[in-house]
Structures are given as C-alpha cells and as structure tokens.
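Encoded as structure tokens, the structure appears first; notes follow it.
Numbering (the UniProt record's numbering), first residue to last: 1 to 92.
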C-alpha cells in the first residue's frame, strides 16, 4: 500500500542523509516490506542490518522475516528462519 512505500522511502532517505538506522527503524522497514509484499527488498534490508550496519537482529526482526516469507507463500523458508534463529521463538 502507499503507506508502506512512504515508510520505505523515509527509511532510505534517512540513510542517505547519514542517519544510522537502529533496531526500531529496521523493524519498521521490515514490517513495511512485509505488508507491501516486497520480499526481496525485505531480505536486502535484513542483510544490510546484519552485515553493513552491524545491528544484531532481535526476536522482532526474525519475526518480520518469518512474516515476509509467509506472506509470500514461502512457508518452508519461514520455518527455516524459526529453526535457525539464535533465540527461542515466542509469540511475536
């Protein structure tokens, strides 16, 4: 939807302007990708968070990843995320 696009534009503009995203802004960006059906974009953002920005993913980030895969109909990958994440899953 338009709000997801707006949220992602804001997220990318923030990075372009030199602001470092934190865990909360990554959660927002990943949620926007999930609700807009942007699996590839969400996967890029998750990878950027881990490798480039050195933000340690928390349970909510893994939850967003599971949601991304699930909404895309890729349930096997969603289950793999749950099995491989470094913390015990919860209801988030």
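Even glycine gets a Cβ: it sits at the ideal position worked out from N, Cα and C.
How many angstroms separate the CA atom of residue i from the CA atom of residue j?
| i | j | result |
| --- | --- | --- |
| residue 89 | residue 36 | 24 Å |
| residue 18 | residue 47 | 19 Å |
| residue 16 | residue 10 | 10 Å |
| residue 6 | residue 49 | 20 Å |
Using only alpha-carbon positions, find the residue among the options that is nearest to residue i.
| i | options | result |
| --- | --- | --- |
| residue 68 | 29, 22, 42, 5 | 42 |
| residue 29 | 57, 12, 71, 79 | 12 |
| residue 77 | 14, 39, 7 | 39 |
Between residue i and residue j, how many whole angstroms is the CB-CB distance? I'm expecting something under 8 Å.
| i | j | result |
| --- | --- | --- |
| residue 55 | residue 26 | 6 Å |
| residue 21 | residue 53 | 6 Å |
Spatial neighbours of residue i within its chain, please: C-beta separation below 6 Å, excluding the five flanking residues on both sides.
| i | result |
| --- | --- |
| residue 4 | 32, 35, 36 |
| residue 85 | 62 |
Sorted by chain position, which residues of the same chain lie with C-beta nearer than 7 Å to residue i's C-beta, five sequence neighbours on each side aside?
| i | result |
| --- | --- |
| residue 82 | 66, 89 |
| residue 71 | 34, 37 |
Give every residue of the same chain whose Cβ lies closer than 8 Å to the Cβ of residue i, excluding the five residues on either side of it in the sequence, and list them in chain order.
| i | result |
| --- | --- |
| residue 75 | 69 |
What ranges does the alpha helix (DSSP H) occupy inside the region 2-42, keeping only unbroken runs of at least 4 residues that lie completely in it? Entirely contained in the region 2-42, the alpha helix (DSSP H) runs reaching 4 residues are, in chain order, 2-16, 23-36.
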